[in-house]
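Quick note, the sequence shown lines up with residues 1 to 373 if you use the UniProt record's numbering. We put the beta carbon where it would ideally sit given N, CA and C, even for glycine. Worksheet for the structure shown next.
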Amino acid sequence: MTACQDWPEPVIRVQALAASGLATIPERFIKPKSQRPTNSNNYAPKTNSSQIGHHKNNTTNSNIPVIDMKHIYGGDEGKRAETLRLVSEACQEWGFFQVVNHGVSHELMKGAREVWREFFHQPLDVKEVYANTPLTYEGYGSRLGVKKGAILDWSDYFFLHYMPCSLRDQAKWPALPTSLRSIISEYGEQIVKLGGRILEIMSINLGLREDFLLNAFGGENDLGACLRVNFYPKCPQPDLTLGLSSHSDPGGMTILLPDENVSGLQVRRGEDWVTVKPVPNAFIINMGDQIQVLSNATYKSIEHRVIVNSDKDRVSLAFFYNPRSDIPIQPAKELVTKDRPALYPPMTFDEYRLYIRTRGPSGKAQVESLTSK
Ligand code: OGA
Ligand code: NI
1 MTACQDWPEP VIRVQALAAS GLATIPERFI KPKSQRPTNS NNYAPKTNSS QIGHHKNNTT
61 NSNIPVIDMK HIYGGDEGKR AETLRLVSEA CQEWGFFQVV NHGVSHELMK GAREVWREFF
121 HQPLDVKEVY ANTPLTYEGY GSRLGVKKGA ILDWSDYFFL HYMPCSLRDQ AKWPALPTSL
181 RSIISEYGEQ IVKLGGRILE IMSINLGLRE DFLLNAFGGE NDLGACLRVN FYPKCPQPDL
241 TLGLSSHSDP GGMTILLPDE NVSGLQVRRG EDWVTVKPVP NAFIINMGDQ IQVLSNATYK
301 SIEHRVIVNS DKDRVSLAFF YNPRSDIPIQ PAKELVTKDR PALYPPMTFD EYRLYIRTRG
361 PSGKAQVESL TSK
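Okay, structure coming up:
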């Protein structure tokens with residue numbers, strides 16, 4: 001697979017389409033029945049999957065774990081150990097959790113979300129200056145994958161590089177609103193710190209040196225970090241489409257700032273989809289495919305998707321904490337034994353992410369196809 005130079009079809013800006021006031025969505029956005037959100041009531045009573053068979057579209061009213069980070073650096077060893085245990089449990093049982101008291105300024109979180117909302121509400125020509133291509137994906141985009149005739153997701157996005165510094169080019173970030181570049185610089189700095197702390201906890205929980213995962217990603221100056229800001233316009237037929245199709249994140253770890261007012265993220269749990277209820281001022285953390293590979297599948301990346309609704313737009317900021325793109329990633333030696341051989345061959349993240357960049361979101365197909373057993 002090589003990277004594609006351009007989109008196979010003229011790009012459809014979903015926000016502009018939604019704003020045109022159409023009553024039905026174009027066929028290009030209608031998902032096959034098996035992928036549709038059958039139950040758009042986010043607080044639906046728990047369904048019993050054994051009664052209705054193994055259907056992958058049940059929704060449940062449970063929530064992902066919420067973890068208070070305040071004791072991580074508080075000096076109380078017992079409380080710190082308990083927090084590590086909660087993170088360990090969340091990583092193994094869910095692959096997703098929310099964190100509060102994470103050290104990132106609440107003002108900055110609010111500011112970052114608002115400045116991006118303003119960005120998307122500017123006239124189309126202001127945004128089109130940053131129109132992206134599938135070569136690097138940097139900029140203003142509306143699809144993931146280059147398969148001609150693919151069924152599209154109900155969202156637009158902006159994608160930018162924050163780390164390594166050699167790839168951080170503020171000229172590629174929106175110039176308007178005028179405060180965007182400085183807010184996002186500051187936001188990136190704080191999120192990278194938070195990500196470092198969480199990677200340390202995960203390394204310790206895996207029985208590895210505390211700097212193992214960060215070093216595997218290239219160390220603090222070389223790791224890859226990028227931001228994908230998602231804009232999900234309100235949709236006249238939310239039951240027929242998805243804001244973002246089911247996928248696992250290809251990178252290392254994702255730190256998501258969800259919309260404070262509108263839910264939409266759903267996490268796969270067995271045969272069910274759990275709609276995440278964001279806690280005020282929390283981040284949502286999940287592990288991507290690279291941590292599944294490095295941990296030799298002790299930790300697994302989890303499928304997730306986004307549903308849309310008919311009355312509110314939704315904005316989310318997904319900060320991806322990734323390996324530097326040219327380092328071969330493979331299972332940690334400490335986690336490979338005679339009984340549990342390495343499940344994945346070494347591969348750089350550059351090679352790895354070509355798959356999703358070409359085919360678009362496709363559940364866990366890629367990481368599962370690599371397992372050598
Ligand atoms: C993503 C993602 C979830 C959301 O950008 O990879 O899963 O809630 N986003 O927008
Ligand atoms: Ni994702």
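Judged by beta-carbon spacing, Phe-283 lies within the 8 Å limit of Leu-256, meaning their Cβ atoms are closer than that value. The nearest non-hydrogen atom of ligand 2 is 7 Å or more from the C-beta of Ala-365.
The C-beta separation of Arg-314 from Tyr-232 comes to about 4 Å, placing the pair in contact by the 8 Å criterion. At least 8 Å separates the beta-carbon of Thr-371 from that of Gly-145. Pairing Tyr-352 with Gln-330 gives a Cβ-Cβ distance that is not under 8 Å.
When the Cα atoms are used, Gly-188 and Pro-250 turn out to be separated by approximately 20 Å.
Sequence-distant Cβ neighbours of Phe-320 in its own chain, meaning closer than 6 Å and more than five residues away, are Cys-226, Gly-251 and Thr-254.
For Leu-223, the secondary structure class from DSSP, reduced to helix, strand or coil, is coil. Following the DSSP letters along the chain, one finds Ser-246 inside the beta strand (DSSP E) bounded by residues 244 to 247. Beyond the five residues adjoining it in sequence on each side, Val-126 comes within less than 7 Å, by CB distance, of Leu-176 in the same chain, given in chain order. DSSP places Gly-139 outside any alpha helix (DSSP H); the residue lies instead in the beta strand (DSSP E), whose first and last residues are 139 to 141. Scanning the region 97 to 165 for uninterrupted beta strand (DSSP E) segments of 3 residues or longer gives 139 to 141 and 156 to 163, listed from N- to C-terminal end. Note on geometry: alpha-carbon atoms of Ile-327 and Lys-193 lie some 21 Å from one another.
A Cβ-Cβ separation of about 12 Å leaves Val-115 out of contact with Ser-185 under the 8 Å criterion.
Distance from the CA of Ala-318 to the CA of Pro-258, rounded to the nearest whole angstrom, comes to 8 Å. Its chain contains Lys-234 as the residues whose beta carbon lies nearer than 8 Å to that of Asp-311, once the 5 sequence neighbours on both sides are disregarded; these appear in chain order.
Counting along the chain, the unbroken beta strand (DSSP E) around Ser-316 starts and ends at 314 to 322. Under DSSP, Gln-266 forms a beta bridge with Thr-275 and Arg-305. In summary, Gly-195 is buried, with 16 or more beta-carbon neighbours lying within 10 Å of its beta-carbon over all protein chains present. Note that the region 82 to 101 touches the region 296 to 304; at least 3 beta-carbon pairs, one per stretch, sit closer than 8 Å. Not one heavy atom of ligand 2 falls within 7 Å of the beta-carbon of Asp-259.
Here Thr-254 is bridged, per DSSP, to Asn-286 and Phe-320. Residues Ser-246 and Glu-303 of the same chain have their beta carbon placed closer than 6 Å to that of Gly-363, with the five preceding and five following residues left out of the count. Between ligand 1 and the CB of Thr-254, the shortest heavy atom gap is smaller than 7 Å.
No residue range can be given for Ile-30, since it is assigned to no alpha helix (DSSP H) and is classified by DSSP as neither H nor E. In the DSSP annotation of this structure, the continuous segment of the beta strand (DSSP E) that includes Asp-68 starts and ends at 66 to 68. Met-347 has Ile-329 as its beta-bridge partners, per DSSP. Contact between Asn-230 and Leu-244 holds, since their C-beta atoms are separated by about 7 Å, short of 8 Å.
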